[in-house]
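Here's the structure we're looking at; comments come further down.
In our numbering, the protein residues as written are 1252 to 1340.
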């Protein structure tokens, strides 16, 4: 029986359609699977995490996620309001 912890960890990441397409195209250009290309890009990003461009990319992702959550919350509240309106009539 092997009691060692695996050295690798699988992480699921949600991408936009555009990001997924860009990964697919770049992977084809460099003859690498999307998974391995993603690993290379993560490694590069981590190695350069203090660079201004990487920090800007992190900020853009943070802001995009906040906006996505805001839109989702607004949509849920609207649906609840409409449901309550139906129930009261």
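From the three backbone atoms N, C-alpha and C, an ideal C-beta is built for every residue, glycine too.
Have a look at residue 1379 and residue 1304 and give me their C-alpha separation to the nearest angstrom.
Residue 1379 cannot be examined here, being either before or after the span of the chain that is shown, 1252 to 1340.
For residue 1300, does the three-state DSSP call read helix, strand or coil?
Reduced to three states, the DSSP call for residue 1300 is coil.
Using beta-carbon positions only, say whether residue 1285 and residue 1274 come within less than 8 angstroms of one another.
Against a cut-off of 8 angstroms, the Cβ pair of residue 1274 and residue 1285 comes out as a contact.
What are the complete alpha helix (DSSP H) segments, minimum 4 residues, inside the stretch 1278-1326?
Correct list: 1285-1298.
Do residue 1288 and residue 1277 count as a contact pair if the criterion is CB distance below 8 angstroms?
Contact flag set, yes.
Report the rounded CA-to-CA distance for residue 1279 versus residue 1328, giving the unit in angstroms.
Computed Cα separation, rounded: 43 angstroms.
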